[in-house]
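Below you'll find the structure, written out as C-alpha cells, and then a few comments.
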Amino acid sequence: MSQILKTRSLMAIMAVAVSSTTGATGQVTQKTSLQEHRQARLQLARQPRRIIMNNDGCDVLYFPKAEKATTEAFLAKRTTPLAGTHVDTIAFCPTSSGFGFFTHNTSVGTLLTRSGPDYGIQGDTRNIARELIDQGTDCLQAVVEFGHDQKMEVFWSMRMNDTHDVAHHPDKPYLLFPPFKEQHPSWLVGDHARRTPHGRWSSVDYARPEIRDLAFGFIDEVCRNYDVDGVELDFFRHLCYFKSTALGGTASDQQREVMTDLMRRVRKMTEDVGIKRGRPILLSIRVPDSVGFCRDMGFDVEQWMREGLVDMLITSCYFRLNPWNYSVELGHKYGVSVYPCLSDSRVRGETRFRRSSAESYRGRATNAWVAGADGLHLYNYFNPNAAMWSEIGDADALQVMDKLYFVNVRDGDPRRFLANGLEYRTVAVVGPSHPRLLTTGEPATLSIEIGDDIPAAQRRGCKPDVTLHLDVPSIRNVEQLDVSFNGTELSGGLLNEGWVDYPVPLAAVKQGTNDVRIVVDTAVLRPNDWSVVFDGGDHPGRPWNRDRGSTRTVEQIVGDALLVADRGEVSGDYLYYRCPWGADPDGAAVVEARVKVQSGSSYIIITNGVGGERLGLWPDRIDLFHNRTLQCKMDTTDDFHLYRLELNGRDLKVYVDGELRIDAPGAMQPRSGYARNEVAFGAANSPQLGEAYWRDVKVRASGQTLQDLVVSVAYEKQ
C-alpha cells in the first residue's frame, strides 16, 4: 500500500465521526458508543506502520547552548527530516527519567528544568523545556503538531521505571534524580548504599499503590491534555518493578495482578477519553520477548492481550531471548500487532564488521519482516537524515539491498534484571563478548537467520554474492578449519587479518535459519608452531587487545622490548594486552614470555573459560595468584628470563629458563571470574604498582576461539 493510500485509510478510521470535537487531522468527529469505539480502535491498531521511531527526548534536554530555542530549531534536531520517509509513527519520550521527571508541561509529574552543565555533564548544552513552555508550547506539543501536519501518528512514550538517575549520591546529586525520590526513599527498591543484585536501586517499587497511582496519573494527564494517537508504555526502561525481583526472586501472583489492574485502569481511561474526543488512543507496550520472563518480572503479558488491554506489542532491547517469530505468533494469537524493536547494539570489541552499520540494520529489518512483523520499532537511533529511514520500511525493496547478518546483535545478560533470566533464552549469543571455543573433538554448530530470498532476487535480475566471515584471531592456517554451510562444505577460504572469508554457494543459502558447522584440526600445526607471536620490537597488534588503561599507566618501546608500567594506585590503574587463544579446558596449551622485571608486580594471566591462574612476576620471586605458597625465589630484575607456562587440563607447570620451578596440579580448577578464554600480560592491578619489559610473548593452544560469525550479502545489479 502506498504511503498516500495508507494515510487515507488511517484517517478514514480515525475519523469515527464526531460532533464538536476536532481530531488531529482537522476532521470533525462525533462521539461513539463503546462498542463502536473498540471496533474503530481494533481497525486502527491493525493498520500497517512501516517504522515507529522512538525519540528519547534528549533533543530538548541537551539542546545546543549557543543556539536560539525555537520550535523549528528543536524539531530540526531529530524530527523534521523524517517527513516523507518510512516513519509513520513517532513515539516521543519527554525524558521520562527517574520515574517522575518530564520535559513536557506537567502538573502531576515534575517539570525537569535542570541542565547538564550544572551537574558536570554535556557542558555545551542546555535544557530548553521551560523556554518552550514560556513560548506557549512544549516539546511534546510541538512533535504532535508536526506529526499531524505531516499525516504521521504521534505516541507519547513513557519509561515506566527509568533509572538513568542511578548515579545519584547524597553527596553528589545527579541531574535526573527527581525530588520525590529524596522525599520518599522507602518507595524505592534499594538505596545508594544498599544496591540491589538485579535491576537498579533507584527503581520505584510498583508494589506500592502510591507508585501505581503516580504512573496512572502521568498517563491520564497526557491523554487528556495532548492530542496523542497512542501511548507507548516502555517497561524495558528499566526492568525492575518489585523488590522481590531486585533481590533475586520472582514476582508473585499478587504482584502480577496489581500490574494487570494498572493496565485495566489505563485502558478504561483511554477509552473514556477516546470516546469523548471521538478518536481512539492506542496502547503499545515494550517488553522482553518471553512470556515466562515477563511473568517472573511481574508482567502477565498474555493476560493483558487476552483481555484486550494492549493494541501493539513491541519486543526486545538490551537482550533478545527468542527468534522474532516467537513474538509475532504470540501477538497474532490475540489479534495484537507486533513490532520487533531494533535497538542499538552496544556490542563492544567489534573489528571489521559493525552491528550499527546500515547493512546490519537492513539485515535485521529483513529478518523481522520475513518473520511476519507488522512493522518495525527503532530505539536509540537518532540521525533523522540517515538513508535507512527510507529503506528498511519497504520489505520488498530491502530484498535486493546489501546486508550484514550476525548471530546476535544484542549481547546483554538477562540476569542483570532477573536472577533466572537466562533460563528463557533460546537464541545463541556469539560475538566479541561471548566467543565460542572451537576444539578438535567438539564441532561447533551455530544458527544464523538470513532473510534474503536468493532465488527471488535472481529472478529479479540481481546477482547475489554471499560470504561467510569467521573471526578467529589466532588462526595461522586456513587448513585448520573445516566449515560447512547447511551441510555444504565450504572451500576457498582466505585469511584477512584474523578473519577467514568463505564464498558460500547460493544454492546452500536458505531464507530463514541457516546452520554453520565449524571443526578445528590442530594436527595441521607442527609441534613447534605458535598460534600467536608478539615481538617486543613493536606494539602488539591484532589479535592482541589493549586495556584502556589510565593516565597513570605507560607503554613504550625501549630497545627490543615493550615497557608496560602501572604507576598509579586508584581504580582503573592497570594495563594489559589480551589475546583469545582457544585453550581447551581438557587439553594442552603453552605460553612463553621473555620478561625483565623493573619493579612492583606484573602478571601473565591464563584462562580457559572454566578456570584461570595468574603468574606473578616480582623483583624477588614468582608466584601463583591463587596459591601464594607455590612460589620460586629468584632475581627477576637481573636479566630477561624465559617463563614457560604449560597447561594440561587442570594442571599447570611453570618453567624458568628451561627448569621446572612451580608444579601446580589442579591449578586450573573451575573458578568464577574466568569465563574468558585468553592470555593476558601486563602490569599490576588497581591498588598495586608494577613495571616490566616484555621482549616477546608466544602462545599455542589446542583449539581456536571464534570471536564472531557474520554473513554478508552483496548484490550486483545486472
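Take the sequence shown: its position 669, counted from the start at 1, is 2105 in this note's numbering, and no numbers get skipped. Just so it is clear, CB atoms sit at the ideal spot from N, CA and C, and this is done for glycine as well.
Self-check item: Proximity to G2004 [Cα-Cα], best of G2126, D1901, P1909 and S2035
Solution: G2126
Quiz item: Can you check whether the CB of R1673 is closer than 8 Å to the CB of R1595?
Solution: yes
Quiz prompt | Proximity below 8 Å, CB of D1957 to CB of T1881 | solution = no
Quiz item: Along the chain, where does the beta strand (DSSP E) that runs through R1595 open and close?
Solution: E1589 to R1595
Self-check item: Secondary structure of C1777, DSSP reduced to three states
Solution: strand
Exercise. Excluding the 5 residues preceding and the 5 following G1734 in the sequence, name in chain order all residues of the same chain whose CB lies nearer than 8 Å to its CB.
Key: Y1642, Y1677, F1678, T1681, A1687, Q1691, R1692 and M1695
Self-check item: Nonlocal neighbours in the same chain, by C-beta distance under 8 Å from H1634, ignoring five residues either side
Solution: C1676, T1681, A1682, L1683, G1684, R1851, R1852, F1853, L1854 and A1855
Practice problem: Just tell me which of R1485, T1531 and N1563 has its CA closest to the CA of E1503. | Solution: N1563
Exercise. Starting from the N-terminal side, write out each stretch of the alpha helix (DSSP H) that is 4 residues or longer and does not extend beyond the segment 1883-1961.
Key: 1890-1895
Practice problem: Quick one: using the 10 Å Cβ neighbour count with 16 as the cut-off for buried, is E1786 buried or exposed? | Solution: buried
Quiz item: Is Q1586 near Y1662, with beta carbons less than 8 Å apart?
Solution: no
Quiz prompt | Three-state secondary structure assigned by DSSP to N1491 | solution = strand
Quiz item: So H1813 is in the alpha helix (DSSP H); what residue range does that whole segment cover?
Solution: Where H1813 is concerned, there is no enclosing alpha helix (DSSP H), although the beta strand (DSSP E) it sits in stretches over L1812 to Y1815.
Quiz item: When we look at the beta-carbon of A1833 and count the other beta-carbons within 10 Å, is it buried (16 or more) or exposed?
Solution: exposed
Exercise. Thinking I1890 and P1900 are a contact (beta carbons under 8 Å), I'd like their distance in whole angstroms, please.
Key: 5 Å
Practice problem: Could you name the residues that DSSP lists as bridge partners for Q2067? | Solution: D2059
Quiz item: What number of angstroms, rounded off, separates the C-alpha of R1550 from the C-alpha of R1713?
Solution: 35 Å
Quiz item: What are the start and end residues of the alpha helix (DSSP H) that includes P2016?
Solution: Where P2016 is concerned, there is no enclosing alpha helix (DSSP H), although the beta strand (DSSP E) it sits in stretches over L2011 to P2016.
Quiz item: Counting along the chain, where does the alpha helix (DSSP H) carrying G1583 start and finish?
Solution: C1575 to D1585
Quiz item: Is the CB-CB distance between K1839 and R1798 below 8 Å?
Solution: yes
Practice problem: Leaving out five residues on either side along the sequence, give the residues of the same chain with a beta carbon under 7 Å from the beta carbon of R1444. | Solution: Confidence at R1444 is low in this model, with a pLDDT of 35, below 50, so its placement is unreliable and no value can be given for it.
Quiz prompt | N-terminal and C-terminal residue of the beta strand (DSSP E) that R2097 is part of | solution = E2095 to A2100
Quiz prompt | Contact the segment 1622-1637 vs the segment 1653-1672: 3+ CB pairs below 8 Å | solution = no
Quiz item: Per the contact definition of three or more C-beta pairs closer than 8 Å, is the segment 1534-1548 in contact with the segment 1505-1514?
Solution: no
Quiz item: With DSSP run on the structure shown, which of helix, strand or coil describes W1740?
Solution: helix
Quiz prompt | Enclosing alpha helix (DSSP H) for A2077 [first to last residue] | solution = Note on identity: in this sequence residue 2077 is His, with Ala being the wrong assignment. Per DSSP, H2077 belongs to no alpha helix (DSSP H); it is in the beta strand (DSSP E), H2077 to N2084.
Practice problem: Could you pull out every unbroken beta strand (DSSP E) segment of at least 3 residues lying fully inside the segment 1492-1539, listed in chain order? | Solution: 1523-1528
Exercise. Take the Cβ of H1813 as the centre, count every other Cβ of all protein chains shown within 10 Å, and call the residue buried at 16 or more, exposed below.
Key: buried
Exercise. Since I believe C1529 is in contact with G1493 (beta carbons under 8 Å), could you give me their beta-carbon distance rounded to a whole number of angstroms?
Key: 5 Å
Quiz prompt | Ranges of the alpha helix (DSSP H) found wholly within the segment 1663-1740, counting only runs of at least 4 | solution = 1679-1682, 1689-1713 and 1727-1733
Practice problem: Decide if D2132 is buried, meaning its Cβ has at least 16 other Cβ atoms within 10 Å, or exposed. | Solution: buried
Quiz item: Do S2108 and Y2010 have their C-beta atoms within less than 8 Å of each other?
Solution: no
Quiz item: DSSP three-state call for D2087: helix, strand or coil?
Solution: strand
Quiz item: For E1933, which of W1980, G1559 and R1800 has the nearest alpha-carbon?
Solution: W1980
Exercise. With DSSP as the reference, label L1854 as helix, strand or coil.
Key: coil
Quiz item: Within the chosen definition, does the segment 1818-1838 reach the segment 1695-1706 through at least 3 CB pairs nearer than 8 Å?
Solution: no
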